[in-house]
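Note sheet for the following structure.
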Amino acid sequence: MTAPAHRPPVITGLGITAPTGIGVQAHWSAVLAGKSGIGPIDRFDPAGYPVRLAGQVPGFDAKATVPSRLISQTDHWTHLGLAAGEAALADAAVDPADLPEYEMAVVTSSSSGGTEFGQQEMTALYTHDPSWVGAYQSIAWFYAATTGQLSIRHKMRGPCGVLACEQAGGLDAIGQARRLTRKGSRLVVTGGTDASLCPYGFTAQLSTGNLSTVQDAHRAYVPFDAQASGYLPGEGGAILVLESAQCAQERGAGDGYGKVLGYAAGFDPAPGSQRPRALRRTAEAALRDAGLAPQDIDVVFADASGIPRDDLDEAQAITAVFGPRAVPVTAPKTLTGRLYGGGAPLDVATALLSLREQVIPHTVGTRQPAPGIEIDLVTQAPRELPLRHALVLARGHGGFTSALVLGR
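So this is what it looks like as structure tokens:
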């Protein structure tokens, strides 16, 4: 197959604020141990809702990492992103002041924006009058707020943007970051976080009918399982530092955690259409973009929605590309819930750690595959294997579909 024309960019820094822990080591240790971050919701009283479980970031203290003036001006989702961004830059051992401002960029993903902040201000409006609504409502809810605040804080004045493609948006953000490195950006802060664990945000999520109402935290979110009943929501995600190969080499960062070799995005046809859904062709397009064949992929990090019809579609797409049970598949997101704009970046971070450590984390919770599922799902315990390349899949509500290929 034809090799990619550009030297692939490298990911040199990871910042994680997730239900599995804050920081790379805490997250990776929890993933390998199968330690779940899902539990009863305590950010608000969920007693009146059919879903009462979610993945919440443990022990997060915005005051420890976010400037005090920004805490009152931005939403919890942005607090998580700012903290993860700070950690990612530190992990990459890069000082933005050492690089040209217009050659650094920020591209993040967001699904819901600042719902908690928005609810707070709407409550003030309905309880009192417009004079009670703060001026920062105009920006704190906005889905580009995290991108903007990261750009301002670190003086990154290159092309900045946000992708709002629900769960798939995290891969789309990284794909756009890769494009920017091809157009002259030396460093791009990318990835994403989300946080919609408030009554307003929760009600919006419930409207899809896709959340699991099972009250057992161990059985509520079990993708590919015969008893799959939907998914649980979560908050947090991961921010990554993506650098051009040249910039990383000049800084002495080498290949960092790994390379972004291929990316593709697609969109499902309208409901009721006789045309096939987009996942298979999107995965194949990402492989072509990477210059790899199916046999070159050593692990697939699945989207794993937990919705039976979507699980079956994804399993059939993986089987069509690789063959029945031909490649190990995993879904560590059962430990966090689906994090929307933050979910795929966290999968990318986990996949990079998997490639570095040569071990595939297991899928916790899934026991008995549903009929028609013919994939080699890694369960029970992590699996040690020689790993060169990983494929990360993500789909978003409404038809968004993306795939990313990573290499050591």
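Sequence positions in the sequence shown follow the numbering used here and run 40 to 447. We put the beta carbon where it would ideally sit given N, CA and C, even for glycine.
### Query
Is the stretch 124–139 touching the stretch 202–215, taking contact as three or more C-beta pairs under 8 Å?
With a cut-off of 8 Å, the stretch 202–215 and the stretch 124–139 do not count as touching, because too few Cβ pairs lie within range.
### Task
Please check the pair Leu-424 and Val-339, which I expect to be a contact at CB under 8 Å, by giving their CB distance rounded to whole angstroms.
By one-based count along the sequence shown, residue 424 stands at place 385. By one-based count along the sequence shown, residue 339 stands at place 300. Not quite, the Cβ-Cβ distance comes to about 13 Å (not below 8 Å), so this is no contact.
### Query
CB Thr-373 to CB Gly-411, shorter than 8 Å?
Numbered from 1 along the sequence shown, position 334 holds the residue referred to as residue 373. Numbered from 1 along the sequence shown, position 372 holds the residue referred to as residue 411. The Cβ atoms of Thr-373 and Gly-411 do not sit closer than 8 Å to each other.
### Message
Is the beta carbon of Asp-307 closer than 8 Å to that of Gly-438?
### Response
Along the sequence shown, one-based indexing puts residue 438 at 399. Along the sequence shown, one-based indexing puts residue 307 at 268. Yes, the pair counts as a contact, with Cβ atoms nearer than the cut-off.
### Nonlocal neighbours in the same chain, by C-beta distance under 8 Å from Asp-114, ignoring five residues either side
Numbered from its first residue, the sequence shown carries residue 114 at position 75. For Asp-114, where only same-chain residues beyond five positions count, the Cβ hits under 8 Å are Gly-152, Gly-153, Thr-154, Glu-155, Phe-156, Gly-157, Ala-179, Trp-180, Ala-184, Ala-234.
### Query
Under three-state DSSP, which class holds Thr-440?
Locating residue 440 in the sequence shown gives position 401, counting from the first residue. Per DSSP, reduced to three states, the secondary structure at Thr-440 is strand.
### Query
Relative to the alpha-carbon of Leu-300, which residue among Ala-409, Ala-324, Pro-421, Pro-79 has its alpha-carbon at the smallest distance?
Walking along the sequence shown from the start, residue 300 turns up at place 261. If we check each option's Cα against that of Leu-300, Ala-324 comes out closest.
#### Entry: Classification of Gly-291 by the beta-carbon crowding that lies within 10 angstroms, buried from 16 upward
Here residue 291 refers to the residue found at position 252 when the sequence shown is read from its first residue. Gly-291 comes out exposed.
### Query
Based on the DSSP output, what are the partners of Glu-282 in its beta bridges?
Taking the sequence shown and counting its residues from 1, one reaches residue 282 at position 243. Beta-bridge analysis with DSSP links Glu-282 to Val-49, Leu-226.
### Message
What does the alpha-carbon distance come out to for the pair Ala-267 and Arg-406?
### Response
As a working note, residue 267 is residue 228 in the sequence shown. As a working note, residue 406 is residue 367 in the sequence shown. Rounded to the nearest angstrom, the two C-alpha atoms are 10 Å apart.
#### Entry: Counted within 10 angstroms of its Cβ, other Cβ atoms place Asp-264 as buried (16 or more) or exposed
Walking along the sequence shown from the start, residue 264 turns up at place 225. Buried: at least 16 other Cβ atoms inside 10 Å.
### Message
Just verifying my parser: in three-state terms, what is the DSSP assignment at Ala-42?
### Response
To locate residue 42, count along the sequence shown from 1; it is residue 3. In this prediction, Ala-42 has a pLDDT of 40, which is less than 50 and means its spatial position is unreliable; what the coordinates show is noted afterwards. Ala-42: coil per DSSP, three-state reduction.
### Message
Under 8 Å: do the stretch 220–240 and the stretch 275–288 share three or more Cβ pairs, one atom per stretch?
### Response
Segments in contact, yes.
### Query
Out of curiosity, what's the CA-to-CA distance linking Asp-9 and Tyr-141?
The structure shown does not extend to residue 9, since the chain is modelled only from 40 to 447, so the question has no answer here.
### Task
Identify, in the order they occur along the chain, each residue of the same chain with its Cβ nearer than 7 Å to the Cβ of Glu-413, setting aside the five sequence neighbours on each side.
The residue labelled residue 413 in the question sits at position 374 within the sequence shown. Cβ neighbours of Glu-413 beyond the five flanking positions: Ala-354, Thr-358, Pro-363, Arg-364.
### Query
Hey, how far is the Cα of Leu-164 from the Cα of Trp-171?
Locating residue 164 in the sequence shown gives position 125, counting from the first residue. Locating residue 171 in the sequence shown gives position 132, counting from the first residue. Whole-angstrom Cα-Cα distance: 6 Å.
#### Entry: Test item: CB-CB of Val-105 and Leu-121 under 8 Å
Taking the first residue of the sequence shown as position 1, residue 105 is located at position 66. Taking the first residue of the sequence shown as position 1, residue 121 is located at position 82. Yes, these two residues count as a Cβ contact at 8 Å.
### Query
By how many angstroms is the C-alpha of Pro-347 removed from the C-alpha of Pro-43?
Looking up residue 43 in the sequence shown gives position 4. Looking up residue 347 in the sequence shown gives position 308. A caution first: Pro-43 carries a pLDDT of 45, below 50, which makes its placement in the model too unreliable to give a value.
### Task
Compute the beta-carbon to beta-carbon distance between Pro-400 and Ser-393, rounded to the nearest angstrom, for a pair I have assumed lies under 8 Å.
Counted from its first residue, the sequence shown places residue 400 at position 361. Counted from its first residue, the sequence shown places residue 393 at position 354. About 6 Å separates the two Cβ atoms, so the contact holds.
### Task
To the nearest angstrom, report how far apart Leu-109 and Gly-200 are at their CA atoms.
Taking the sequence shown and counting its residues from 1, the one referred to as residue 109 is at position 70. Taking the sequence shown and counting its residues from 1, the one referred to as residue 200 is at position 161. For Leu-109 and Gly-200, the distance between alpha carbons rounds to 20 Å.
#### Entry: Close beta carbons around Thr-41, own chain, < 8 Å, minus the five adjacent residues each side
The count along the sequence shown starts at 1 and reaches residue 41 at position 2. Caution is warranted here: a pLDDT of 41 is assigned to Thr-41, below 50, making its placement in the model unreliable, and the coordinate value is therefore given only provisionally. Setting aside the 5 residues that flank it on each side, Thr-41 is surrounded in the same chain by Gly-330, each with a C-beta closer than 8 Å to its C-beta; the list follows chain order.
### Query
Ordered along the chain, which non-local residues of its own chain (more than five positions away) have a Cβ less than 6 Å from that of Tyr-182?
Residue mapping note: residue 182 aligns to position 143 of the sequence shown, counting from 1. Same-chain partners within the cutoff: Ser-149, Gly-152, Val-201, Ala-203.
### Query
Gly-446 to Asp-328, Cα distance in whole Å?
The sequence position of residue 446 within the sequence shown is 407, counting from 1. The sequence position of residue 328 within the sequence shown is 289, counting from 1. About 13 Å.
### Query
Rounded to a whole number of angstroms, what is the C-alpha to C-alpha distance between Ala-317 and Asp-352?
As a position in the sequence shown, residue 317 is number 278, starting the count at 1. As a position in the sequence shown, residue 352 is number 313, starting the count at 1. Whole-angstrom Cα-Cα distance: 10 Å.
### Message
Please state whether the Cβ-Cβ distance between Ala-57 and Gly-78 is less than 8 Å.
### Response
For the purposes of this step, residue 57 is taken as residue 18 along the sequence shown, with counting starting at 1. For the purposes of this step, residue 78 is taken as residue 39 along the sequence shown, with counting starting at 1. Taking 8 Å as the Cβ cut-off, Ala-57 and Gly-78 do not qualify as a contacting pair.
### Query
Cα-Cα, which of Arg-196, Trp-116, Leu-378 is closest to Tyr-260?
Position 221 of the sequence shown, counting from 1, holds the residue named residue 260. Considering only alpha carbons, the answer is Leu-378.
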